[in-house]
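Numbering (our numbering) for the sequence shown: 24 to 289. By construction, the Cβ of each residue, glycine as well, lies at the ideal position given by its N, Cα and C atoms. Small disclaimer: the values here were computed from a predicted structure and weren't measured. Step one of this worksheet: look at the structure below.
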Amino acid sequence: MSDNPIVFIDSGVGGLPYLEMARNYLPEENYTYVADTGNFPYGEKDATALQIIILELITDIVNRISPKLIVVACNTASVVALPLLRDRFGIPFVGVVPAIKPAAEFAAVNRNGGIGLLATRKTIEDPYTDTLIEDYASSVRVDKYAGINLVDFVEHNFITSTDEEKMEVISESAEYFSRLEIDSLVLGCTHFIYLEEYFRRHLGSSVAVIDSRKGVSRQIKKIIKTEGLVSDNKKRDIFYVTCGKGEQLNYQRFAEKFSLEWGGVL
Ligand code: DGL
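In structure tokens:
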């Protein structure tokens, strides 16, 4: 038993939909979310710089919050730093990587069309992603696209933007994939989950939009059960950012949207 928190991290608000699903699945757990807004965005940084940033963040979190498990709720951070984190810290980590495996399973059962992978530039370019594709989807065509402007839009404008603006911002990447006649679209950046509904609207029902939220929730459950870390003492769920400059209201609104206590700057 442990009522220490399960900590979710991302460069910003991308991991919140992952926390939301885990909390629905495991409501007795205590959750802490840390948006590393001081280092946003991760997807445009080089691998070494990003590894240093993530190691520093996790060290701080381990020292100050004592998490029983950390979810790296960011594809970019997971592909770049997960093995390093597992090596360095004596606590379990759950990573979030592009859902290529479920998409390939879907392709095998349903049709045999292509998979579209929409992610950050770093995730698209990282060799880890190529290995993922070779391992699980070698017989399927996988087309990759970096949705660079989408991360920024979700982080800074999602809360205040209109439906039309959301449809407009996804149109370039959605049109790219429409032309390629894919059967499934993998949202390989946690920020893109916020735009799922708009991709569905644009691409229509013949394209499955896939992410890794369910798999991540199941993995958390499996680990806390086997490690004897399940909680029976629900206390609080809290949201921190790592930078105090500007935009507090934007982040407070996200905290409210996901029913998290606002913790301010960590
Ligand atoms: N949400 C992150 C991901 O899943 C990256 C966003 C960023 O570039 O900071 O890749």
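query, result
"Local conformation of residue 49 per DSSP, three classes", "coil"
"Local Cβ density within 10 Å of residue 131, reported as buried at 16 or more and exposed below that", "exposed"
"Anticipated Cβ contact below 8 Å, residue 257 with residue 51, distance rounded", "5 Å"
"The region 57-72 / the region 25-40 touching (three or more Cβ pairs under 8 Å)", "yes"
"For residue 63, the first and last residue of its enclosing alpha helix (DSSP H)", "Run containing residue 63: none; DSSP gives neither H nor E here."
"Rounded separation between residue 276 and residue 28 - CA only", "22 Å"
"Given residue 165 as reference, the closest of 107, 76 and 203 once Cα atoms are compared", "203"
"Within-7 Å CB hit, residue 258 to chain D", "You won't find chain D in this structure, because it holds only one protein chain."
"C-beta atoms of residue 213 and residue 37 nearer than 7 Å", "yes"
"Close-in-space but distant-in-sequence residues of the same chain around residue 230 (CB under 7 Å, 5 per side omitted)", "205, 206, 207 and 208"
"Which of helix, strand or coil DSSP assigns to residue 265", "coil"
"C-beta contact flag for residue 116 and residue 93 at 7 Å", "yes"
"Residue(s) in a DSSP beta bridge with residue 31", "56 and 94"
"Straight-line gap, residue 146 to residue 185 (C-alpha atoms, nearest Å)", "28 Å"
"Nearest candidate by alpha-carbon position, reference residue 241, set 107, 128, 47 and 24", "47"
"Distance, residue 78 Cα to residue 112 Cα", "10 Å"
"Any non-hydrogen atom of the ligand HEM within 6 Å of residue 285 CB", "The model on display carries the ligand DGL but not the ligand HEM."
"For residue 233, three-class secondary structure by DSSP", "strand"
"Element boundaries [alpha helix (DSSP H), containing residue 130]", "123-132"
"Reduced DSSP secondary structure (H/G/I, E/B, other) of residue 260", "coil"
"Where the beta strand (DSSP E) containing residue 116 begins and where it ends", "116-118"
"Neighbourhood of residue 105 by C-beta distance below 7 Å, restricted to the same chain and skipping five residues each side", "95, 116 and 118"
"Bounding residues of the alpha helix (DSSP H) (the contiguous stretch that carries residue 85)", "70-88"
"Beta-carbon gap between residue 122 and residue 234 smaller than 7 Å", "yes"
"C-beta atoms of residue 216 and residue 40 nearer than 7 Å", "yes"
"CB contact flag (residue 254, residue 26, <7 Å)", "yes"
"Contact test: residue 121 Cβ vs the ligand DGL heavy atom, cutoff 6 Å", "no"
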